[in-house]
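So the structure is just underneath, and the comments pick up after that.
Numbering (the UniProt record's numbering), first residue to last: 1 to 258.
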């Protein structure tokens, strides 16, 4: 039986014999909705995994956080910040080694930021309502996966105690994303920046869940503040050593809109 965040026994059974744990964040984003109090958001799952690892003697935890700032205005970052803090406390108590990988905003996630553009080439909107804009260091999943695997496979001493971003340095705004979509699709499309309240009302009116939209809308405050404009050489340096270049978000958009 696979391990589950809600079943500590299954976690401990899965971790037996391990000295390193690579902890990806819980996908249960609904736990974060409605300004979830401490230990009631996704960090509840993360803590369960961390505590189980401690009980069976895991020595080093690698945690995949997100490429926003800390502190952050983005609700999506709240559980990550709480988890980072808990891990840092355990590290200070010398209970384990910790590495925080703040993984870049995926190239492949641009539809989420661009007005839930999930229908891709079937989406006929010419104007996309967003609650803000800013430069984003988009990063391809494949590039991030390579660098993440490299970090985890190397000695603990190489990365213990470090917090860093795995994100390319080149940035694109949502206006840039719109221009790329327009070129690929052969038609004009543009973002329209509105207030968070207007954004929330717009997408709730289109049938989206209120709690989800209200949670997500704060991400645009973070974009406006430049939280996702990352200046960290780690990912590009690793790719360079492997003879690779970061995949541009324009290439990803073109592939997704084929």
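Yeah, the Cβ is synthetic: ideal placement off N, Cα and C, and Gly gets one too.
DSSP three-state assignment for residue i, whether helix, strand or coil
i: residue 139; result: strand
i: residue 177; result: helix
i: residue 171; result: coil
i: residue 263; result: Beyond the ends of the chain as shown, which are 1 and 258, falls residue 263; an answer cannot be given.
i: residue 19; result: coil
i: residue 72; result: coil
i: residue 184; result: helix
i: residue 84; result: helix
i: residue 152; result: helix
i: residue 247; result: coil
i: residue 220; result: helix
i: residue 166; result: strand
i: residue 96; result: coil
i: residue 47; result: helix
i: residue 204; result: helix
i: residue 195; result: coil
Chain-order list of residues whose beta-carbon lies under 8 angstroms from that of residue i (same chain, five-residue window excluded)
i: residue 160; result: 60, 97, 98, 99
i: residue 90; result: 50, 54, 96, 98
i: residue 229; result: 134, 135, 136, 137, 171
i: residue 185; result: 121, 257
i: residue 108; result: 140, 141, 252, 256
i: residue 211; result: 30, 33, 34
i: residue 199; result: 129, 130, 131, 213, 217, 220
i: residue 162; result: 99, 100
Test item: CB-CB of residue i and residue j under 9 angstroms
i: residue 227; j: residue 72; result: yes
i: residue 135; j: residue 246; result: no
i: residue 213; j: residue 203; result: yes
i: residue 3; j: residue 14; result: yes
i: residue 286; j: residue 144; result: Nothing can be reported for residue 286, as the shown portion of the chain is limited to 1 through 258.
i: residue 140; j: residue 64; result: no
i: residue 29; j: residue 110; result: no
i: residue 167; j: residue 232; result: yes
i: residue 164; j: residue 102; result: yes
i: residue 114; j: residue 37; result: no
i: residue 34; j: residue 215; result: yes
i: residue 41; j: residue 31; result: yes
Identity of the residue in the options nearest residue i by Cα
i: residue 261; options: 258, 216, 146, 218; result: Given a span of 1 to 258 for the chain in the structure shown, any question on residue 261 remains unanswerable.
i: residue 112; options: 70, 25, 138; result: 138
i: residue 104; options: 77, 254, 216; result: 77
i: residue 57; options: 37, 40, 21; result: 21
i: residue 130; options: 117, 48, 124; result: 117
i: residue 5; options: 18, 189, 45; result: 45
i: residue 148; options: 94, 239, 19; result: 239
i: residue 175; options: 200, 128, 156; result: 128
i: residue 66; options: 208, 195, 106; result: 106
i: residue 19; options: 93, 119, 152; result: 152
i: residue 173; options: 94, 248, 70; result: 248
heavy atom of the ligand ATP below 8 angstroms from residue i C-beta
i: residue 239; result: The model on display carries no ligand, and the ligand ATP is accordingly not part of it.
Beta-carbon contacts of residue i that lie in its chain and below 7 angstroms, excluding the five residues immediately before and after
i: residue 132; result: 193, 220, 221, 223, 224
i: residue 52; result: 8, 11, 12, 15
i: residue 250; result: 180
i: residue 39; result: 47
i: residue 123; result: 117
Sequence-distant residues of the same chain with beta carbon closer than 6 angstroms to residue i, five excluded per side
i: residue 24; result: 64
i: residue 43; result: 79, 82, 83
i: residue 182; result: 188, 189
i: residue 68; result: 74, 77, 222, 227
i: residue 254; result: 184
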